[in-house]
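Asker:
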Amino acid sequence: MQTNDKIRRKRRRPPWGAILIVCFLVLMGSSVGVVLGAIRSLPTWDPNKLMGSETSIIFDDQGRQVTRLHAAENRINVALKDIPPHLINAVIATEDQDFYKHHGVNLKRIAGAMMVNLVRHSKAQGASTITQQLARVSFLYPEKTYERKIKEILLAFQLESKYSKDEILEFYLNKVYFGSGAYGVQAAAQTYFGKNVQDLNLSESAMLAGIIQSPGRLSPFTNYDLAKKRQQVVLNNMVHCGYITQEEADKAYEQPLSFKKSLSSESRYGYFVDSVIEEADQILRGYYDNPQYAIYNEGLRIYTTMDSEVQKQAEDIYADSSFFPPGKSKKGQEVQSAMVLLDHHTGEVKAIIGGRKYEQRRGFNRAIDSLRHPGSAFKPVVVYGPALEQGYMPFYVLDDSPVTFPTPSGPWSPQNYDGKYRGLITMRTAVQWSVNVYAVKLAELVGIKNGIDFAEKLGITSLVRAGQKNDMGLSTALGGLTKGVSPLELTAAYGCFANNGVYVKPHTIIKITTAEGHVIYTHRPLYRRVMKPTTAWLMTSMLETVVQAGTGTRAQIPGVPCAGKTGTSQDLQNAWFVGYTPNYTCGVWMGYDQLERMYNVAGGTYPARIWKSVMTKALEGEPRQAFVTPKGIVSVQVCNKSGLLPSQICPDKCIISDYATEDSIPDKVCDRHVLYNICPDSGKLATEYCPFPVPKAFVNVPPDSRDPDKPPTEYCDIHSAAPTSSEMVPICKDPRHGNKLYRANIPGPNETGGCPSSVVGEEALPKGVDPPPCPLPDHQVHPR
């Protein structure tokens with residue numbers, strides 16, 4: 040019985056051999072057409088293409104050519120014998136370990152790749168040899184298709200039949216792309232290390248060999264940590280292949296790398312062009328295996344959003360040392376800066392500066408790659424915007440007085456940048472003077488999670504929500520972030536306020552076509568409403584106050600409505616000015632690359648001046664516009680000590696006009712002002728014994744408040760007890776004295792003058808209380 044069960048189980052097993060044979064036949068049958076099609080459309084053999092490329096062109100927003108991207112311009116061919124063996128070995132060990140064994144195609148790797156692709160239902164897994172890669176970049180468009188792979192294999196066989204292995208390797212090493220506009224090993228050595236290829240050491244060679252896999256992603260200029268990890272992979276491959284020992288690999292990995300810092304010639308529009316190339320790389324990944332190769336070799340036409348005249352002006356400003364603090368830091372650093380100008384209506388970036396000097400193609404762009412603490416420039420994004428959205432109005436009042444909050448790391452007391460406290464103030468005043476205590480107290484009411492949600496809707500992607508270090512604490516209200524923000528993202532966030540609450544993701548490319556004019560890509564902006572139009576307008580109104588009469592007055596442009604916010608991180612390591620007009624939004628950051636304290640630099644100083652100069656140029660020839668008030672905004676009169684309707688006792692100086700939404704008009708009367716009886720003689724609280732108490736309005740606040748209008752806490756010490764006996768004292772009743780008591784000047788023997796008898800009266804005063812003599816000039820006593 041048991042034997043029969045075993046037999047039945049055996050019979051139930053699938054006939055794997057038969058299935059594999061059937062699948063093979065089906066695949067062969069379905070592939071015949073693909074193979075025949077590939078053979079018929081195989082490109083004409085042209086040995087010149089092993090070295091050739093086609094120029095791509097970049098245009099500005101007016102369709103004017105601004106630069107050409109030549110692969111050949113940055114390629115210098117070298118003989119294989121002049122390339123150091125460790126570089127050749129690094130490339131072979133990483134790209135094709137069996138290069139000298141196969142005949143152009145590695146069947147074992149292809150079979151493995153096919154299995155992975157079948158399992159994943161994709162064409163992601165590659166198995167190209169060095170010969171196949173040379174065939175692809177020389178003769179084929181790098182689109183991801185099986186037909187292209189077949190052509191690649193056929194061309195690889197042709198290459199192997201016409202050239203020796205060393206010739207193929209020399210072609211490859213002179214043609215392969217290394218990023219940053221460098222084609223071939225000689226250009227790569229000069230671009231990254233400022234030396235000839237024969238002078239490269241093992242560490243440098245391993246770094247270059249690692250870049251080949253993904254030049255945009257693995258560039259040490261933009262992703263140093265990732266490039267170092269890839270370098271280690273290359274060195275390990277070399278150890279595995281027996282080219283070097285593990286000790287040599289470890290020593291090479293630990294060896295410091297010294298990268299080239301400057302270009303041999305200046306380049307106009309460098310930072311903008313780099314941004315375009317980065318964006319094109321992302322866009323073209325859906326069309327090409329190697330987008331970087333396409334950008335530099337396929338003759339693409341890239342139409343950008345750049346206003347070339349404004350970009351030139353911005354570059355000239357950044358070349359002018361008067362726009363920056365003089366001298367260097369204690370550690371010898373020169374202050375750096377970054378700037379972004381965009382059209383907030385469309386998301387088009389019009390100008391971008393990534394540093395004071397353009398030093399390296401595809402190098403570090405501080406406007407995009409740098410994350411820095413935004414200081415108070417973050418308050419509108421994470422505190423005031425969310426507060427307005429929740430219904431807090433610009434006249435909402437909080438007490439700007441010392442406060443301590445419990446935090447996981449201990450008690451925290453936020454400090455105002457100027458060391459002053461203003462007592463009861465409105466939101467508009469807090470924004471105008473960048474008051475930290477108010478912002479933190481409001482953030483606690485709004486909820487920091489709500490603030491972060493709001494900021495992320497405005498395109499801020501660098502906030503940290505989890506982990507031991509995160510941005511879920513109240514210090515986020517002051518821009519004290521775990522990572523920081525980039526100038527590009529913060530500028531785009533402010534653009535949402537300028538665009539009536541609609542966010543548009545910034546971009547630098549309008550369209551990409553082939554050399555023949557075939558459109559590959561057209562940008563389609565996505566508009567996303569993230570706040571009510573009234574919220575955006577009220578925020579704009581408060582930010583206008585900052586520029587008109589607050590911390591940002593240096594950004595004023597005559598005749599142009601300007602709204603903006605200064606930002607200086609509490610450690611004085613970063614300074615910002617981010618603002619907008621009805622036409623454009625611009626953000627400026629300033630600081631040292633390696634964190635150091637700056638002196639005499641705040642957001643309202645040098646950054647505001649740069650902002651004004653760039654914005655003035657951008658507005659040349661532009662129609663003058665105004666911030667349009669949306670429906671639902673009304674003007675109201677309130678008491679600035681309560682944010683409520685004025686009561687009969689609110690002093691005139693406390694009654695202000697401000698704006699509110701129709702559903703947020705106060706319906707209660709100020710209860711903050713309270714009348715106190717004050718003794719005019721002592722200026723303190725009157726007692727029952729004070730003869731002439733005067734009612735005066737003060738604000739009802741806790742004793743530890745720093746409000747200047749809080750009531751006195753001491754009682755009159757002049758009239759502090761009931762008189763036990765009294766005496767009649769002559770008092771001058773001249774109306775010019777008001778309510779103050781003065782002893783009348785009475786002339787004695789041989790004297791004249793004194794207070795006229797018509798204004799002299801007597802009053803009973805406690806013994807020991809002696810009013811001062813009448814000070815009126817015409818009431819003085821004179822000798823006869």
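Okay, so the sequence shown: first residue is 40 according to the working numbering, each after it adds one. Backbone N, C-alpha and C fix where the C-beta goes; we use that ideal spot for every residue, glycine too. Model, not experiment: these values are computed from the prediction.
1. So, is Arg107 buried or exposed, given that buried needs 16 or more other C-beta atoms within 10 angstroms?
2. Using a Cβ-Cβ cutoff of less than 7 Å, which residues in the same chain neighbour Ala129 once the five nearest sequence positions on both sides are dropped?
3. Suppose the cutoff is 7 Å on Cβ atoms and the five residues either side in sequence are ignored; what does the same chain contact list for Arg648 look like?
4. Where does Val73 fall in DSSP's three states?
5. The beta strand (DSSP E) with Arg567 in it runs from where to where?
6. To which residues of the same chain is His818 closer than 6 Å at the C-beta, ignoring the five residues directly before and after it?
7. Around the C-beta of Pro826, are 16 or more other C-beta atoms found within 10 angstroms, so that it is buried, or is it exposed?
8. Excluding sequence positions up to five away, which residues of its chain have a Cβ less than 7 Å from the Cβ of Ala744?
9. Can you tell me the Cα-Cα spacing of Asn145 and Phe196, whole angstroms?
10. Given that a residue counts as buried once 16 or more other Cβ atoms are within 10 Å of its Cβ, and exposed if not, what is Val673?
11. Give me the Cα-Cα distance between Ile316 and Ile392, rounded to the nearest whole angstrom.
12. Gln824 lies in the beta strand (DSSP E); which residues open and close that run?
13. Can you tell which of Asn116, Lys418, Ser376 and Val422 has its C-alpha closest to the C-alpha of Asn404?
14. Give me, in chain order, the residues of the same chain whose beta-carbon lies closer than 7 Å to that of Pro822; leave out the 5 immediate sequence neighbours on both sides.
15. Any idea what DSSP makes of Ile649, helix, strand or coil?
16. Identify whether Cys693 lies in helix, strand or coil by the three-state DSSP scheme.
17. My guess is that Ile757 and Ser797 are in contact by the Cβ rule of under 8 Å, so how many angstroms apart are they, rounded?
18. Apart from the five residues just before and just after Ile322, which ones in its own chain have a Cβ nearer than 6 Å to its Cβ?
19. Once DSSP output is grouped into helix, strand and coil, what is the label at Gly792?
20. Inspect the beta-carbon positions of His383 and Thr573 and report whether they are closer than 7 Å.
21. Please classify Asp746: does DSSP put it in a helix, a strand, or coil?
22. Who does Tyr631 pair with in a DSSP beta bridge?
23. Specify the secondary structure class of Ser580 as computed by DSSP and reduced to three states.
24. Classify Val733: buried if its beta carbon has 16 or more other beta carbons within 10 angstroms, exposed otherwise.
25. Would Thr344 and Ile549 qualify as a contact pair, given that the criterion is a beta-carbon distance under 7 Å?
26. Are the Cβ atoms of Met629 and Tyr645 separated by less than 7 Å?
27. If you draw a straight line from the alpha carbon of His546 to that of Glu293, how long is it in whole angstroms?
28. Can you find at least 3 beta carbon pairs, one from the segment 662-672 and one from the segment 404-421, that sit closer than 8 Å?
29. Under the rule that 16 or more other beta-carbon atoms within 10 Å means buried, what is Ser608, buried or exposed?
30. Ignoring anything shorter than 3 residues, give me the beta strand (DSSP E) runs that lie fully in the segment 402-460, in order along the chain.
31. In angstroms, rounded to a whole number, what distance separates the CA positions of Val653 and Ser219?
32. Round the Cβ separation of Pro433 and Asp809 to the nearest angstrom and send it over; I've been treating them as touching at under 8 Å.
33. Tell me whether Glu801 sits in a helix, a strand or coil according to DSSP, three-state version.
34. Using C-beta distances below 7 Å, list every residue in its chain close to Gly233, excluding the 5 sequence neighbours before and after it, in chain order.
35. Per DSSP, which residues does Asn716 bridge with? Please list them.
36. Go ahead and label Lys389 buried or exposed: buried means 16 or more other beta carbons lie within 10 angstroms of its beta carbon, across all protein chains shown.
Answerer: The short version:
1. exposed
2. Ser244, Ala245, Ala248, Val273 and Met277
3. Phe362 and Arg593
4. Confidence at Val73 is low in this model, with a pLDDT of 47, below 50, so its placement is unreliable and the value that follows should be read with caution. Looking at Val73 - three-state DSSP - the assignment turns out to be helix.
5. Tyr566 to Arg568
6. Asn784 and Cys794
7. The requested residue 826 is not part of the displayed model; the chain covers only 40 to 823.
8. One detail in the question is off: residue 744 reads as Ser in this sequence, not Ala. Same-chain partners within the cutoff: Asp438, Ser440 and Gly462.
9. 11 Å
10. exposed
11. 15 Å
12. As shown, the chain starts at 40 and ends at 823. That puts residue 824 outside it, with no answer to give.
13. Ser376
14. Asn789 and Glu790
15. helix
16. helix
17. Contact flag wrong, Cβ pair sits at about 29 Å.
18. Tyr560
19. strand
20. no
21. coil
22. According to DSSP, which records beta bridges pairwise, Tyr631 is partnered with nothing at all.
23. helix
24. exposed
25. yes
26. yes
27. 39 Å
28. no
29. buried
30. 436-439
31. 28 Å
32. About 53 Å; that fails the 8 Å criterion.
33. strand
34. Lys299
35. Pro734
36. buried
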